[in-house]
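Protein chains in written order, with our numbering: chain L, 1217 to 1566; chain P, 1217 to 1566; chain Y, 1217 to 1566; chain E, 1217 to 1566.
Number of protein chains: 4
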Amino acid sequence: MSKPVCLADFEVHFLQSLDRIARDYFTSGANQEQTARDNVEAFKRYRLRPRMLRDVSNVNMKTTIMGNEIDFPIGIAPTAIQKMAHPEGGVATARGNCNHKGLRWFQLYVFRNKQTTMNLIQRVEQAGYKALVVTVDQPVVGKRLADDRNKYSIPSHLKLVNVNTDGLRSVHNPLDTQQSTESVVHQYTHTLMDSKLTWDTITWVKSFTKLPVIAKGILTGEDAKLAVQHGVDGIIVSNHGGRQLDGVLATSDVLGEIVEAVEGRVEVYLDGGVRQGTDVLKALALGAKAVFIGRPVLWGLAYQGQTGVEEVLRMVKEEFKLAMALSGCAKLSDIQPSLLAYDRKYYCKL
Amino acid sequence: MSKPVCLADFEVHFLQSLDRIARDYFTSGANQEQTARDNVEAFKRYRLRPRMLRDVSNVNMKTTIMGNEIDFPIGIAPTAIQKMAHPEGGVATARGNCNHKGLRWFQLYVFRNKQTTMNLIQRVEQAGYKALVVTVDQPVVGKRLADDRNKYSIPSHLKLVNVNTDGLRSVHNPLDTQQSTESVVHQYTHTLMDSKLTWDTITWVKSFTKLPVIAKGILTGEDAKLAVQHGVDGIIVSNHGGRQLDGVLATSDVLGEIVEAVEGRVEVYLDGGVRQGTDVLKALALGAKAVFIGRPVLWGLAYQGQTGVEEVLRMVKEEFKLAMALSGCAKLSDIQPSLLAYDRKYYCKL
Amino acid sequence: MSKPVCLADFEVHFLQSLDRIARDYFTSGANQEQTARDNVEAFKRYRLRPRMLRDVSNVNMKTTIMGNEIDFPIGIAPTAIQKMAHPEGGVATARGNCNHKGLRWFQLYVFRNKQTTMNLIQRVEQAGYKALVVTVDQPVVGKRLADDRNKYSIPSHLKLVNVNTDGLRSVHNPLDTQQSTESVVHQYTHTLMDSKLTWDTITWVKSFTKLPVIAKGILTGEDAKLAVQHGVDGIIVSNHGGRQLDGVLATSDVLGEIVEAVEGRVEVYLDGGVRQGTDVLKALALGAKAVFIGRPVLWGLAYQGQTGVEEVLRMVKEEFKLAMALSGCAKLSDIQPSLLAYDRKYYCKL
Amino acid sequence: MSKPVCLADFEVHFLQSLDRIARDYFTSGANQEQTARDNVEAFKRYRLRPRMLRDVSNVNMKTTIMGNEIDFPIGIAPTAIQKMAHPEGGVATARGNCNHKGLRWFQLYVFRNKQTTMNLIQRVEQAGYKALVVTVDQPVVGKRLADDRNKYSIPSHLKLVNVNTDGLRSVHNPLDTQQSTESVVHQYTHTLMDSKLTWDTITWVKSFTKLPVIAKGILTGEDAKLAVQHGVDGIIVSNHGGRQLDGVLATSDVLGEIVEAVEGRVEVYLDGGVRQGTDVLKALALGAKAVFIGRPVLWGLAYQGQTGVEEVLRMVKEEFKLAMALSGCAKLSDIQPSLLAYDRKYYCKL
């Protein structure tokens, strides 16, 4: 394979090199995958209105998230079981991120056992993480047909290192015939996770940590307002890569509504469907402070481990810089809503 | 074939296992089948706006229809000549339904011979049925090209058990050459059924039964208002699976108009295009009290008789439950119109 | 080939049985054929809102056009050189029409030579025709790529019987190399026809005939108003089957605008894209008094001559009757605009 | 290959006859090529409302641009390195243009070295050019994946004749591995061109030339107003053939906004996506004074050098003339906005 020139090239390699079960696990969205596809497609419906003859000889992509400076507004979204993509797994990804001076935030699933959750948060604080990201869209696990067909289970040589799974003999085994249409991911989640996740959970988490708490998975203006009321420090607009409830809107299509709802009181980020530099530009024009990329990082990881992750980040960063220059934006605050037109099939009035 | 993980898997089996004539009979819509396809497609245009951090650890799907409690708001739509799908035919379907504690409603075609109709209704009442469903969209039979090509006739070993067909020699035979572009279904309907079906027919039926009368096949707000005025107890929004007049709107696209027109005075149900749990969720968010599924039940019947029917019902029920949980709905009354956005290519304003 | 069950079946036979040059001549639209295709597609964007429980046991399709009664509101559009489709050509078509009690209208191209035109009109009047149809959309001939590629010329054994073509040696021959990208149809038209066609031409025609004059080819409300002002008796909304200016709107998409513009002062008809009974229903719901079908008649002619033409007319008539019954219309005046919804991708508000 | 009958026929020849690297260079748009495709597609969304019965026996296409008369409102857009399409390159194109009595305008890239730019403008003035076209949309070069894959470099036997490239050893060589995802076009532009292009640059250019200055690459009404304020004499609405920032709107979709913004104070032209006579008609109806065609001229050039260029111009001119006649326009001022409808999927209200 020749050297990738765009993120999609990494995907081609990824699809060709992984075994079916791992590929299916990472690739699939819930049910008919309408939302998983639409995350990507939706960005194309936002069209650009670039400005000319501004001095873009120096493009500055610096910004802050939760008060910490970053070099460019693109982070890595959490994805599970990365060792299925590359033997070095999440460690290689983390190292790739560090070389780009990325911050570390911790994605927290809230466990049934409160003490487990509290211990985990303490370790996270001691390890110097800068924020807690609470995933709010997974009270139960979505239905992914490919995993159900594959009777997916976590490969036997892999271990969930942050939780005690001793009581979960079946984590590594397909479910028995009785329940064979549900993958082991469901069972694991059902057994360990707190399906009674409510706004009180957020209040509870905030009560014993000083880290900023970010709600990941908000998809409506109504919930964004509730998040602000419950003291959430930031919102990641996310539909879990289309892996939870199929048919929800693409994240870029709800971002505007959520930015409007929070009225600037908390930072809003986005993940889902970011595949090139102009997608980042569009998300920021819609009001995101930064975006996170998930699957493309896995593609880079599968391609060349840490180096591949770095290359993916470098490429999307360079594309974003080029997109800024060609749209007349020398700094992030130049990226305004007027940069966009929306395809409601189609744009102009006559 | 591996175990089905979604309703579409049953369809694949169905299309592969039935002979062409039976498959065509069940599958085909009228003319170019625009409506038959659009029933399914239309649900995809409704997109979900799920709510987070609500307690969905217990999801309750119970409701009542016509005053009788059911465990979940999904019933079986009437389909004819089910023995072409499985030797046990409608009996297996009925048994599958009973195991899910389904109610029995009787679908009534009004015959030319009034006494025939009256006798039938009496038997229905004595048999403990809970409602009469009067099909209002078939004054004549739609044109289904595949049946016309196949010169479709009811297989000779099958019998219409509820009506006396002694005078109808040709029920089992293709029409003669003279009329060869019309299938025997047309002739049968034309001969037995009352093509002079009017609102007076509804009044007449209501005058000698105490059962609730439900009009199946209403597609406009205007007719929904007339239905209420004529004492109809419920409305099934249906276009006969797209088998009557091709080009009518998808049922989900007229549901909202009809719910609005009846102003809560009668219950409104929907059939047509329901293929997964989120479709049920969307129909209820648009105001349906329950939905009915037709072709997927036939797929289950063809797959494994009564067991297949039960499996189809179980699957769509589980999917619906999951969709409720993932959209933050713990009970049916939590399913509100604000759960939906509509794709008018596309959603948001800019 | 088995017996056709819809008009499209005749088309399949037509495409398979004619030689390429004739097939291309009849089939092609101008340039990229956007309008030719859209005439057909546009009808699908109009969706039906059928009414139930009306007495449709007797469906009456009778109406009048220009004061003369016809059995059903479907006529035959003019098409040229029909002998390329069947040896009996236009005579077979005319006989097929007569068996359906169709009226005869004469399509008039206005010639450079005024006397030629006047003589022709006199013959038409004497032959008992009921109206003159003046084609207004062909000051020059459109560019049809297939004809240009084929260097199309009228086959040498065929003769233009209504005009003296003695001076036109090249009617039967491909153009010489010099002009090889233009077909002989262009040259013929350019030589014989009056390219200086204006509203004065209409006034001139009306000044010496008592026959009603119908303008065929009006596509805007503005021109419809002018037509009324210039004493035109009727309008055929037509884009010449998409054969003149590619990119003009489909006829069904401008019909409403034209019906509104004439405010009932003249009758409005439509041709273009009618392929099934529901298309007729939709055109009438949009305000057309009758529709004309062109290519499908040629398909019938190619299939079985006069018998084929009759069969095409019979089929579309029966489909229209069925569409009326299934939408609750017992007579033509029951066909109202409220029967339609329009797909502006898509229908309902939310 | 048989004689082309439409511009697309030249493209077929072009795609078959050029080597991959040259074909890719000319054909490709930026990134996913959404804009490059949409330039062509967008014209199809504008639909025509032709007027009938106007005297179009003489169609006059004459107009003026920047005060100079031209025979028809279609010019040639600048494209680079034409010798890759035909050995005679841009000279053949220029000669083809002259035979059609085209004017000569000079496309100016502003160089880092001011003196280089000034010398070039002086030569241009002395050579009798009628206008300076300043390209404003290329502060840096867009990312074209095919060129990156091909590691595109200008062929070694070709020379950039208007600039001194002595210091640029690598113009003819692929970049070294270190930078291998960027083509030499980027490097060349980066090295020679002024990436600090601002409105002051326009003021500076205007300060020492009497030629009209035309800004090529304006895509918003906001920038069009700024152009007028900075004394620009004309605007070419262009997105560089979709080769700079992918995702910008099609030029025909922003033309209306720009025409409105300038309020008649400067002439507005368009390039991008013009592929047939009706596209020219539509652009003029939207307010363009003339259009420019780029890739089709290259197709003609590759087909037969100067003769091919002439043939392309002749063909689109003839198609435009036909489109005028068939829409009832005898002169350019007859082409009005009311000639258009816009497909916002779709047109009419109901």
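Ideal Cβ positions, reconstructed from N, Cα and C, are used throughout, including at glycine.
Assuming contact is defined by CB atoms lying nearer than 8 Å, are Val-1593 of chain P and Leu-1486 of chain P in contact in what I supplied? Examination of residue 1593 of chain P is not possible in this model, given that chain P is present from 1217 through 1566 alone.
How do the stretch 1500-1511 of chain P and the stretch 1290-1298 of chain P stand: do at least 3 beta-carbon pairs fall below 8 Å, yes or no?
-> yes
query = Comparing the CB of Asp-1287 of chain Y with every heavy atom of the ligand GTP, is any distance shorter than 7 Å?
reply = Only the bare structure without any ligand can be found here, which leaves the ligand GTP out of the picture.
What's the gap between the Cα of Gln-1250 of chain E and the Cα of Arg-1360 of chain E?
12 Å
* Give a yes or no on whether 8 Å exceeds the smallest Cβ distance from Cys-1222 of chain P to chain L. => Yes, contact with chain L.
_Partner residues on chain E for Pro-1266 of chain L, Cβ-Cβ distance less than 7 Å_ = Leu-1435, Leu-1461 and Val-1464
- Task: Quick one: residues in its chain with C-beta nearer than 7 Å to the C-beta of Asp-1254 of chain P, no 5 flanking neighbours on either side, listed in chain order?
- Result: Ala-1466.
Next on the checklist: My assumption, with CB atoms under 8 Å, is that Leu-1427 of chain Y sits in contact with Tyr-1345 of chain Y. Please give the rounded CB distance.
Outcome noted: The pair is a contact, with the Cβ atoms about 7 Å apart (cut-off 8 Å).
query = Buried or exposed: which applies to Asn-1284 of chain Y, given that a residue is buried once 16 or more other Cβ atoms fall within 10 Å of its Cβ?
reply = exposed
**Request:** Please compile the residues from chain Y whose C-beta is within a distance smaller than 8 Å of the C-beta of Gln-1250 of chain P.
**Result:** Lys-1260
Report task. Helix, strand or coil for Gln-1248 of chain L, going by three-state DSSP, please let me know. Result -> coil
- Item | the stretch 1436-1449 of chain P contacting the stretch 1261-1269 of chain Y, beta-carbon criterion three pairs below 8 Å | yes
Cut-off 7 Å between Cβ atoms - residues of its own chain near Ser-1396 of chain Y, not counting five sequence neighbours on either side = Note that Ser-1396 of chain Y has pLDDT 41, beneath the 50 cutoff, so the model's placement of it is unreliable and the number below is only indicative. Lys-1367.
**Asked** Would the beta-carbon of Ala-1506 of chain Y fall within 8 Å of that of Thr-1351 of chain Y?
**Response** no
Report task. Please state whether DSSP places Gln-1298 of chain L in a helix, a strand or coil. Result -> DSSP places Gln-1298 of chain L within a helical segment (H, G or I) once states are collapsed to three.
Are Ala-1252 of chain P and Leu-1517 of chain P closer than 8 Å when you measure CB to CB? Contact flag unset, no.
Would you mind sorting Arg-1385 of chain P into buried or exposed? The rule is 16 or more other CB atoms within 10 Å of its CB.
Any reading at Arg-1385 of chain P must be qualified, since the residue scores a pLDDT of 43, below 50, and its modelled position is unreliable; the value itself is stated next. Arg-1385 of chain P comes out exposed.
Notebook entry, point to check: Are the CB atoms of Ala-1539 of chain L and Leu-1461 of chain E nearer to each other than 8 Å?
Noted result: Here Ala-1539 of chain L is near Leu-1461 of chain E, since their CB atoms are less than 8 Å apart.
request  = Could you please give the first and the last residue of the uninterrupted alpha helix (DSSP H) stretch that includes Lys-1432 of chain E?
outcome  = Counting along the chain, Lys-1432 of chain E falls outside any alpha helix (DSSP H), though it belongs to the beta strand (DSSP E) covering 1429-1434.
For Gly-1472 of chain P, which residues in the same chain have their Cβ closer than 7 Å to its Cβ, ignoring the five residues on either side in sequence? Leu-1502 and Gly-1503
Does Gly-1450 of chain P come out as helix, strand or coil in the three-state DSSP assignment?
strand
| said: Taking beta-carbon pairs under 9 Å, can you tell me which members of the stretch 1519-1533 of chain E lie near chain Y? | reply: Along the stretch 1519-1533 of chain E, the positions whose C-beta sits under 9 Å from a C-beta of chain Y are Met-1531, read in chain order.
- [ ] Would you kindly work out how many angstroms separate the C-alpha atoms of Ser-1233 of chain P and Arg-1239 of chain P, rounded to a whole number?
- [x] 9 Å
Handout entry: Other residues of its chain near Gly-1306 of chain L: CB distance less than 7 Å, five sequence neighbours each side excluded
Key = Gln-1298
Query raised in the report: With burial defined as no fewer than 16 other Cβ atoms inside 10 Å of the residue's Cβ, what is the status of Ser-1468 of chain E: buried or exposed?
Result: buried
Practice prompt. Identify each residue in the stretch 1490-1515 of chain Y for which the Cβ-Cβ distance to at least one residue of chain P is less than 7 Å, and report them in chain order.
Written response: Listed by position, the residues of the stretch 1490-1515 of chain Y near chain P (Cβ gap below 7 Å) are Gln-1492 and Thr-1494.
Straight-line gap, Leu-1319 of chain L to Asn-1313 of chain L (C-alpha atoms, nearest Å) = 8 Å
Does any CB atom of chain L fall closer than 8 Å to the CB of Leu-1391 of chain P? Low per-residue confidence applies at Leu-1391 of chain P: pLDDT is 37, beneath 50, and the placement is therefore not dependable, though the value from the model is reported in the following sentence. No - not a single Cβ of chain L is within 8 Å of the one on Leu-1391 of chain P.
Based on the DSSP secondary-structure assignment, which residues constitute the bridge partners of Asn-1284 of chain Y? According to DSSP, which records beta bridges pairwise, Asn-1284 of chain Y is partnered with Y:Ile-1281.
Can you say whether Gly-1447 of chain Y is buried or exposed, counting buried as having 16 or more other CB atoms within 10 angstroms of its CB? Exposed is the call here.
Under 9 Å from the C-beta of Ser-1468 of chain L: neighbouring residues of chain A: In the structure shown, chain A cannot be found, because the protein chains are L, P, Y and E.
- Identify which residue in E:Asp-1271, E:Ala-1557 and E:Asn-1247 has its Cα closest to the Cα of Lys-1412 of chain Y. E:Asp-1271
6 Å CB neighbourhood of Gln-1492 of chain Y in its chain, flanking five on each side removed: The residues are Glu-1535.
Chain L within 8 Å of Leu-1538 of chain P, Cβ atoms only:
So yes, Leu-1538 of chain P belongs to the interface.
Discussion item. Going by the DSSP bridge assignment, what does Leu-1348 of chain L pair with across the sheet?
Written reply: According to DSSP, which records beta bridges pairwise, Leu-1348 of chain L is partnered with L:Phe-1322 and L:Val-1429.
Under 7 Å Cβ to Cβ from Leu-1374 of chain L, same chain only, skipping five residues before and after it: list those, please.
Ile-1297 and Lys-1299
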